[in-house]
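**Q** Residue numbers (this note's numbering), protein chains in the order written: chain A, 118 to 450; chain B, 118 to 450; chain C, 118 to 450; chain D, 118 to 450.
Have a look at the structure that comes next, please.
Protein chains: 4
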Amino acid sequence: MIVILKQEARQEQIEKLQHFFTGLGLKIHMSQGESCTIMGLVGDTTQVDEDMITSLDAVEAVRRVQEPYKKANRKFHPTDTVVDVGGVKIGGGNFQIIAGPCSVENEAQIISVAKSVKEAGATLLRGGAFKPRTSPYAFQGLHDEGLRLLLKAKEATGLPIVTEIMDAADLPLFEQVDMIQVGARNMQNFELLKKLGKVNKPILLKRGLANTIQELLMSAEYIMAGGNEQVVLCERGIRTFETATRNTLDLSAIPVLHEKTHLPVIVDPSHATGVSRLVKPMAVAAAACGADGLIIEVHNDPKHALCDGAQSLTPEEFQDVSNRVFAVRKIMA
Amino acid sequence: MIVILKQEARQEQIEKLQHFFTGLGLKIHMSQGESCTIMGLVGDTTQVDEDMITSLDAVEAVRRVQEPYKKANRKFHPTDTVVDVGGVKIGGGNFQIIAGPCSVENEAQIISVAKSVKEAGATLLRGGAFKPRTSPYAFQGLHDEGLRLLLKAKEATGLPIVTEIMDAADLPLFEQVDMIQVGARNMQNFELLKKLGKVNKPILLKRGLANTIQELLMSAEYIMAGGNEQVVLCERGIRTFETATRNTLDLSAIPVLHEKTHLPVIVDPSHATGVSRLVKPMAVAAAACGADGLIIEVHNDPKHALCDGAQSLTPEEFQDVSNRVFAVRKIMA
Amino acid sequence: MIVILKQEARQEQIEKLQHFFTGLGLKIHMSQGESCTIMGLVGDTTQVDEDMITSLDAVEAVRRVQEPYKKANRKFHPTDTVVDVGGVKIGGGNFQIIAGPCSVENEAQIISVAKSVKEAGATLLRGGAFKPRTSPYAFQGLHDEGLRLLLKAKEATGLPIVTEIMDAADLPLFEQVDMIQVGARNMQNFELLKKLGKVNKPILLKRGLANTIQELLMSAEYIMAGGNEQVVLCERGIRTFETATRNTLDLSAIPVLHEKTHLPVIVDPSHATGVSRLVKPMAVAAAACGADGLIIEVHNDPKHALCDGAQSLTPEEFQDVSNRVFAVRKIMA
Amino acid sequence: MIVILKQEARQEQIEKLQHFFTGLGLKIHMSQGESCTIMGLVGDTTQVDEDMITSLDAVEAVRRVQEPYKKANRKFHPTDTVVDVGGVKIGGGNFQIIAGPCSVENEAQIISVAKSVKEAGATLLRGGAFKPRTSPYAFQGLHDEGLRLLLKAKEATGLPIVTEIMDAADLPLFEQVDMIQVGARNMQNFELLKKLGKVNKPILLKRGLANTIQELLMSAEYIMAGGNEQVVLCERGIRTFETATRNTLDLSAIPVLHEKTHLPVIVDPSHATGVSRLVKPMAVAAAACGADGLIIEVHNDPKHALCDGAQSLTPEEFQDVSNRVFAVRKIMA
């Protein structure tokens, strides 16, 4: 970490700062420039609060040289992490498609979708039992009944299940779930992350709508620091000024994340775009630029469903996406 | 709500949609234009999922005419809500300054700051016991011990206390707290909001870094729908491309919120800017454009504190801010 | 266009508005709802200033039903436009790679790069003679000398040339250029667009860093309204809060643009990411989601160039990108 | 400037880089850390292209210590610049209100508005003759006829005039204009900036919708580098995800700009908010946080004008704003 001091920094301010940094066990290299003095900090600077130091009167700017995350950092763990979800491997060359309906609605629906997506190449089943909804008046999911139905679908198809948690108090209900998803709006719900760090189960961590790649990695670090290193990251669109799509899918985050971390990275084209006809091009593009997997919404019965054009694909459309995704992966191999 | 259908929408799609809306108890007015058909929905559309309808194949666009929030909506509650925090009123012409240190550190500190800010015009005491930190390696607050010290400071000064909750499981610890704060990163932690809707205590709800004004009001609606209508909103800066300030303080949100809702709106210039020397101009500007209060970080002992230039003001600086804020309020009255 | 009136709109305000709209030759359908009155405008509303109407006292909101662009609108021109650049076709199934150095430096350089990229599959040559630079102290390009060298490279290889204009006053110098590029920072330089509308030459119009898809189409409309309908659009990254990449490449803009317009859409992965090692994944991803072409920076002599790791690819790297791009296109066909 | 090298940087890469920097006349201080090597550059680094260096293979990151602007930099010119516009001074304690209609429409209108705003405290007259419009089909202004009418209004009232230029080719028409405005969309029209650098007339430079404070200063530097140091900066709202206001007025940019530059800074609350009823609170807030002036839209005849609720104030509303602005300035003095 480099601390650039102001020209007008007083000696006592500099000494107070030096004292503070040495108290944290850091070594300091001072170097005097023409128009400023630079303090180079050597040692473990992950505990230094960059914002706080930046706001000091004597400080012009702070520049981090080392990333503030350790366990998630590829520098210290060059080999790809492979996450095992009920026997299905993600990362390190293993590519998986997680598919299923937005919400679990009833037994027939979830089992039917599970069978269709398995046939079309999905290896993991998704389905929402606890639904984060902007409006308190909207349907909030079937809760424990939804989890029970997901397990029935797992029984029927053998697909391990992935589903979202919204409150750490519900953790006991998730005991048989194979992978716990943290939604975008909870990416910085630090108390939830801490508790998931104590769970012996893979976590699917979605990037927040307005969170940087570094913040995503810091949230992964929260879980890993607790002892649970089975984390899969998920890019699902960020919030920008553009309103033509629900979010802006940040596909360049995939190769960037692969440089910075050893954790697997998957992409959710359904939530990013919000429109089923954009799911196919973005799913294939995600595979083309190196994603380790996809999570895609598929519904079962387009003839009777209201949402026949929604962000969910039909099983046939999903089959087409799946075929092209695997073909593109061969080219990029 | 207006649903604009595509030119190529098929009759069966339109009928399915009509059936769906009438099933929700809505009346439909169809009107045929040159290049599209428009469906006007009359009735309570708060339960309609705009995103879902937008994504239907037959639908070109959906435009809400009525806001999706009811209890927070000024249209249905024209009079300003006045929130009472331990006897101190916010809103409806009542302006209050909440002040105190970023974190509660020890008894001497919190009591000393409490006394200083009271003398300088603050009527409520803030102080963090549970601290949301981006890094798992950073200090996370004194927790229940911090709450205990805050109560001591309240005893010493009579100032009601405001402090942040990060996990609904900690609610029993907050029984004697006068106002519970929901931080920016938890603004869409819907499970927490639901539980706060059942609490008989005022809530300070901070706007998320990337949340729209409408989403802020929907989160307030979550709390109010549970029965707790004592909500104070807080603008604290949003995330933009600009990096010269930590966040971009969106002061025009204040008059906009005052049009849309009857709830009080306060401003946090300390977290928005991250630099103490920007707190004064932005605090006064907030008062100038109609804020119902401010929440400002003040620390006690600049001589020995490391953070003598941080986002916290000294008691003397705070006094100066306080004087000017009240003078500007007189001009704007 | 739908104008939603406020409940409290006065009769005289409504009449004034009706008078205004009929004066523009529009027909008005009034429809009275429970909590508001809606004015539906039928006719050519492209001339109506949405912002101005929105800001009227009597108006709650304005919703456009029809897009404000006509000539660029796929609704009125369902067939793909094919743009011919010196005999090389873009759009309507024709995919082209434009390649070349960031800046034209000297004759040897530009001819050498032109030969390399031609061999590796590029069909058009790019190279900057007028360079938009944030700093007035940075190198601004070789200007007319640069254009002369580009023409030499065209002579040597047969590749038509694409280069950026920054000032309409320079138009006479561009007479032999095959395609004129409008850079991101000039996307809303409306006077330049108007003048390019009078030119009989294809235009490559780059999306501005903070411009919406609709604004990009409105800028294309400016050129087309002048009579020049040979416009190719280019996505090159937008400005967001993320700082890990120079810009955020908005690949979902490609399928969205293909729905809204008949104009070809290409992608610039070099400027979007700013780092050569991200060019390959993003170039292939762009092809996967339907781009009609790519514009890529390639430099000639990595051994002596300073910028051997910059956003430019070596000819070998470019060959690899080119191969994979064409392979992916086959899969998506 | 600090260049942080990667751990794996090869010696030849480092030497090539050193050679490049010494070739620019810079001195290099190398310092070896545990996990990286840092190159400190001493000398005039304004000519170094940060983006280019960042993209080199051997480079981890580049951090600027000195700002890339010199003439606009307060460090080198600690005293406030006072800009004289036809005898009216802005900056250095001189506060001015520029007011007038959005567009010049006819002689009666512009003279009537000019008289009203003068009476209510405005000291400079604005009015658009060349109008930047998103749509080619919208009214584009009266052009030279508009400039002629503005000069008539100046004659009638003595108010110096401020009006926007959109094309450097029109410069001869602006000879009698007192201050030339560069609109937000042309903030990085570098060729226009260069030509304005050769003009002997004050320039009002508006911040682009998606431009950082540093980019605004670099654009001012373009004008100043040409020899014209009479530049006034204008904050007019930035583009964010929020849609409740047309733009997000970034008022904290004012105190930040005052730290970084000696140039005067004014605020345009009319364009930022797009709604007249938000102009008053934001105008007063701008004065509260230190603006050196305001530019406000005022129209003349609300009874007959269509836009009686638009972003323009009536003369009476303007009078009220003006009174409160001057009262707040006294408090902040």
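Cβ atoms here follow ideal geometry from the backbone N, Cα and C, with glycine treated the same way.
A quick note: this is a predicted structure, and the numbers were derived from the prediction, not measured.
According to the Cβ coordinates, are T274(C) and L242(C) closer than 8 Å?
**A** yes
**Q** For the stretch 311 to 342 of chain D, which residues have a CB atom closer than 9 Å to at least one CB atom of chain B, in sequence order?
**A** A327, N328, T329, I330, Q331
**Q** What number of angstroms, rounded off, separates the C-alpha of K420(D) from the C-alpha of L430(D)?
**A** Confidence at K420(D) is low in this model, with a pLDDT of 47, below 50, so its placement is unreliable and no value can be given for it.
**Q** Going by other Cβ atoms of all chains shown within 10 Å of its Cβ, with 16 needed for buried, is F307(A) buried or exposed?
**A** It counts as buried.
**Q** Examine the Cβ distances between the stretch 336 to 354 of chain C and the stretch 332 to 352 of chain A and report whether three or more of them are shorter than 8 Å.
**A** no
**Q** Evaluate N364(C) with the Cβ neighbour count: other Cβ atoms within 10 Å of its Cβ, from every protein chain shown; 16 or more gives buried, anything less gives exposed.
**A** With at least 16 other beta carbons inside 10 angstroms of its own, N364(C) counts as buried.
**Q** Between the stretch 210 to 235 of chain C and chain D, which residues of the former have a C-beta closer than 7 Å to a C-beta of the latter?
**A** Under the 7 Å Cβ criterion, the stretch 210 to 235 of chain C contributes no residue.
**Q** Kindly indicate if chain A contains any beta-carbon less than 8 Å away from that of S369(C).
**A** yes
**Q** Among residues of its own chain, excluding the 5 on either side of V205(D), which ones have a beta-carbon nearer than 7 Å to its beta-carbon?
**A** Q213, T240, L241, P277
**Q** Please confirm whether F358(C) has its beta-carbon closer than 8 Å to some beta-carbon of chain B.
**A** With 8 Å as the cut-off, F358(C) counts as an interface residue toward chain B.
**Q** Rank P372(A), R446(A), D367(A) by C-alpha distance to the C-alpha of R191(A) and give the top, closest one.
**A** Ranking the options by Cα distance to R191(A), first place goes to P372(A).
**Q** Using a Cβ cut-off of 8 Å (strictly closer), state whether Q305(B) contacts chain A.
**A** yes
**Q** Taking only beta carbons into account, state which residues of the stretch 159 to 186 of chain D come closer than 9 Å to chain A, listed in chain order.
**A** V159, G160, E177, A178, R180, R181, V182, Q183
**Q** When the Cα atoms are used, what is the spatial distance from E272(C) to E222(C)?
**A** Here the C-alpha atom of E272(C) lies approximately 17 Å from the C-alpha atom of E222(C).
**Q** In chain order, what residues of the same chain lie with their CB nearer than 7 Å to the CB of C406(B), ignoring the 5 residues before and after it?
**A** L368, I371, P372, listed in sequence order.
**Q** Could you check whether the Cβ of G391(D) sits closer than 8 Å to any Cβ belonging to chain C?
**A** Closer than 8 Å to some Cβ of chain C, the Cβ of G391(D) qualifies, so yes.
**Q** From D287(A), N317(A), I355(A), pick the residue whose C-alpha is nearest to that of D295(A); which is it?
**A** N317(A)
**Q** Decide if V415(A) is buried, meaning its Cβ has at least 16 other Cβ atoms within 10 Å, or exposed.
**A** buried
**Q** Rounding to the nearest angstrom, what Cα-Cα distance links R302(A) and G325(B) in this structure?
**A** 10 Å
**Q** Between the C-alpha atoms of R441(B) and Q135(D), what's the straight-line distance to the nearest angstrom?
**A** 53 Å
**Q** Is G426(B) close to chain A? Criterion is C-beta to C-beta, closer than 8 Å.
**A** At G426(B), the pLDDT of 49 sits below 50, so the modelled position is not reliable; the number obtained from the coordinates is stated separately. It does; some Cβ of chain A falls within 8 Å.
**Q** Using C-beta distances below 6 Å, list every residue in its chain close to I362(C), excluding the 5 sequence neighbours before and after it, in chain order.
**A** One detail in the question is off: residue 362(C) reads as Thr in this sequence, not Ile. The answer, listed in chain order, is T390.
**Q** Find the residues of chain C that neighbour T251(D), judging by a C-beta separation of less than 7 Å, and give them in chain order.
**A** E332, M335
**Q** For A400(C), count neighbouring C-beta atoms within 10 Å of its own C-beta (all shown protein chains included) and say buried if the count is 16 or more, exposed if not.
**A** buried
**Q** Is G354(A) close to chain D? Criterion is C-beta to C-beta, closer than 8 Å.
**A** no
**Q** Is any beta-carbon of chain D found at less than 8 Å from that of I155(A)?
**A** yes
**Q** Distance check for Q428(A) and M169(B), CA to CA, integer angstroms please.
**A** 8 Å
**Q** If distances are taken between C-alpha atoms only, which option among D437(A), K447(A), A450(A) comes closest to G238(A)?
**A** D437(A)
**Q** Just tell me which of D197(A), G203(A), V234(A) has its CA closest to the CA of I215(A).
**A** It is V234(A) whose Cα lies nearest to the Cα of I215(A).
**Q** Take the Cβ of P195(B) as the centre, count every other Cβ of all protein chains shown within 10 Å, and call the residue buried at 16 or more, exposed below.
**A** exposed
**Q** Indicate the three-state DSSP secondary structure (helix, strand or coil) for D295(C) in the structure shown.
**A** coil
**Q** Could you tell me the alpha carbon to alpha carbon distance between A444(B) and A444(D), rounded to whole angstroms?
**A** A straight line joining the alpha-carbon of A444(B) with that of A444(D) spans about 10 Å.
**Q** Looking at the unbroken beta strand (DSSP E) that takes in K323(B), where does it start and where does it end?
**A** 320 to 323
**Q** Hey, is C406(A)'s beta-carbon within less than 8 Å of any beta-carbon in chain C?
**A** yes
**Q** Could you check whether K133(B) and V176(B) sit closer than 8 Å to each other, using their CB atoms as the reference points?
**A** no
**Q** Should T280(D) and Q257(D) be called a contact, given that it needs their Cβ atoms to be closer than 8 Å?
**A** No, Cβ-Cβ distance for T280(D) and Q257(D) is not below 8 Å.
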